[in-house]
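For what it's worth, the working numbering labels the leading residue of the sequence shown as 409, then goes sequentially. In what follows, a single structure is set out as structure tokens and then discussed.
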Amino acid sequence: MKICTTSRLLFISTLIFTISCKSQESLIVADGAEMKLVSDGFEFTEGPAADYEGNVYFTDQPNNRILKWSVEDNKVSVFMEDIGRANGLYFDLNGNLFACADEKSELWKIDQNKNVTVLVDEFRGKKLNGPNDLWIDAKGGIYITDPYYERPYRNYDGQPMEEQRVYYLSPDSKELTVATEDLVKPNGTIGTPDGKKLYIADIEADKTWSFDIAENGSLSNKTLFTKMGSDGMTIDNRGNLYLTGNGVTVFNKKGEKILHLPVEKNWTANVTFGGKNNQILFITAMDAVFSLEMKVKGVR
409 MKICTTSRLL FISTLIFTIS CKSQESLIVA DGAEMKLVSD GFEFTEGPAA
459 DYEGNVYFTD QPNNRILKWS VEDNKVSVFM EDIGRANGLY FDLNGNLFAC
509 ADEKSELWKI DQNKNVTVLV DEFRGKKLNG PNDLWIDAKG GIYITDPYYE
559 RPYRNYDGQP MEEQRVYYLS PDSKELTVAT EDLVKPNGTI GTPDGKKLYI
609 ADIEADKTWS FDIAENGSLS NKTLFTKMGS DGMTIDNRGN LYLTGNGVTV
659 FNKKGEKILH LPVEKNWTAN VTFGGKNNQI LFITAMDAVF SLEMKVKGVR
């Protein structure tokens with residue numbers, strides 16, 4: 409009888425969880441939407457970011473180029489070559505594209521004429537480990553994650569910085585400070601549109617943390633958001649957080665898992681919202697980019 413009762417309870421719990429997930433999916437994903445292949449044949453896709461028209465830019469990191477998906481004709485073309493082995497990308501309010509240029513551990517600003525300005529190339533006389541992801545606040549200040557990954561194309565040996573930190577570049581781009589260093593290997597990051605909270609994934613510790621953002625850009629009140637790390641991440645207009653790795657996993661504001669979107673690739677690297685209404689989820693995974701129509705929208 410105990411075995412029967414236990415089995416029944418397990419079945420009921422599983423059923424309730426499945427129904428709950430389906431219910432959440434119906435609130436987030438567009439009715440009848442299916443994941444579509446946008447384009448493939450790349451070596452490794454990363455860093456998706458949308459401009460204010462809804463065009464989505466992403467990197468083919470090993471091939472050292474940025475690609476652009478056009479909102480007008482749904483086609484992908486090469487936007488720029490020789491982009492410093494860029495990883496994470498992000499647009500500011502003025503239409504400048506910022507890139508974590510991994511080749512020489514730099515942060516680049518690429519203007520609308522494709523002119524490049526190197527904003528960060530060192531900290532206190534040392535090279536960074538390799539800027540990986542970034543988020544720009546409403547003032548123009550930039551949070552930069554700086555994990556260390558061995559790269560065959562770099563012209564220096566070993567880990568330049570002993571600490572794998574998150575840095576903050578002031579809005580005038582003149583001062584680089586340590587935002588936090590109490591992490592094993594920070595990777596993906598995203599902030600809330602009100603500028604009050606920053607999420608940072610510690611991919612090696614398999615955790616994602618939230619921090620309060622002060623007026624001067626400093627971080628405090630480190631709080632465990634969920635016991636899951638992530639590569640890249642994004643956020644929607646309901647405050648749901650999208651983490652990547654094994655497909656895309658969605659968490660609500662409370663850190664509760666509400667949905668898993670499987671992706672038929674060995675690794676899902678990053679995710680962002682784009683399209684005319686900022687209502688299409690774009691997913692970079694291995695050699696491909698996928699899209700999924702949503703009910704929710706991306707935010708900045």
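Where is the CB? At the ideal position from N, CA and C, for every residue including glycine.
- For the options Ile491, Tyr650, Asp500, the alpha carbon positioned closest to that of Asp510 is the one of Ile491.
- The three-state secondary structure of Glu612, taken from DSSP, is coil.
- For the options Glu442, Ser447, Ala441, Glu433, the alpha carbon positioned closest to that of Thr692 is the one of Ser447.
- Ranked by Cα distance from Phe690, the options Arg646, Gly449, Met443 are led by Met443.
- By the neighbour-count criterion, in which 16 or more other beta carbons inside 10 Å mark a residue as buried, Arg573 falls on the buried side.
- Counting only residues of its own chain and dropping the five nearest sequence neighbours on each side, Phe619 has a CB closer than 6 Å to the CB of Leu606, Leu627, Lys630.
- Contact check for Met569 and Leu536: beta-carbon distance about 6 Å, within the 8 Å limit, so the pair qualifies.
- CA-CA distance, Lys476 to Pro555, rounds to 26 Å.
- With a 10 Å radius around the Cβ and a threshold of 16 neighbouring Cβ atoms, Arg493 comes out buried.
- Ranked by Cα distance from Thr652, the first of Asn660, Asn678, Pro560 is Asn678.
- Closest option to Glu701, judged by alpha-carbon separation, among Phe681, Gly647, Asp602, Met694: Phe681.
- One Cα belongs to Gly496, the other to Met694, and the distance between them is close to 15 Å.
- Judged by DSSP in its simplified three-state form, Lys665 adopts strand.
- In terms of Cα proximity to Arg532, the closest of Gly640, Leu584, Leu667, Leu501 is Leu584.
- In the structure shown, Asp644 falls within a strand segment according to DSSP collapsed to helix, strand and coil.
- Boundaries of the beta strand (DSSP E) around Asp541: 541-544.
- For Trp543, the CB contacts under 6 Å within the same chain, skipping 5 residues up- and downstream, are Tyr551, Thr597, Ile598, Gly599 in chain order.
- Using a Cβ distance threshold of 7 Å, Ser638 and Ala609 count as a contacting pair.
- By the criterion of a C-beta distance shorter than 7 Å, Val437 is surrounded in its chain by Leu700, Met702, Lys703, once the five residues flanking it on both sides are discounted.
- Ranked by how close their Cα comes to the Cα of Asn502, the residues Phe659, Gln520, Met488 have Gln520 in first place.
- Here Val707 has Pro601, Ile643, Asp644, Asn645 as same chain residues with Cβ atoms under 7 Å from its own Cβ, once five neighbours each way along the sequence are excluded.
- In terms of Cα proximity to Asp565, the closest of Lys512, Thr588, Leu667 is Lys512.
- Each residue's CA atom was taken as its position, placing Asn563 and Tyr557 some 14 Å apart.
- Pairing Gly548 with Pro579 gives a Cβ-Cβ distance under 7 Å.
- Beta-carbon to beta-carbon, Asn540 and Asn595 are separated by about 6 Å, close enough to satisfy the 8 Å threshold.
- Close CB contacts of Lys483 within its chain, under the 7 Å cut and outside five residues either way in sequence, are absent.
- Annotation for Ile691: the continuous beta strand (DSSP E) segment containing it runs 688-693.
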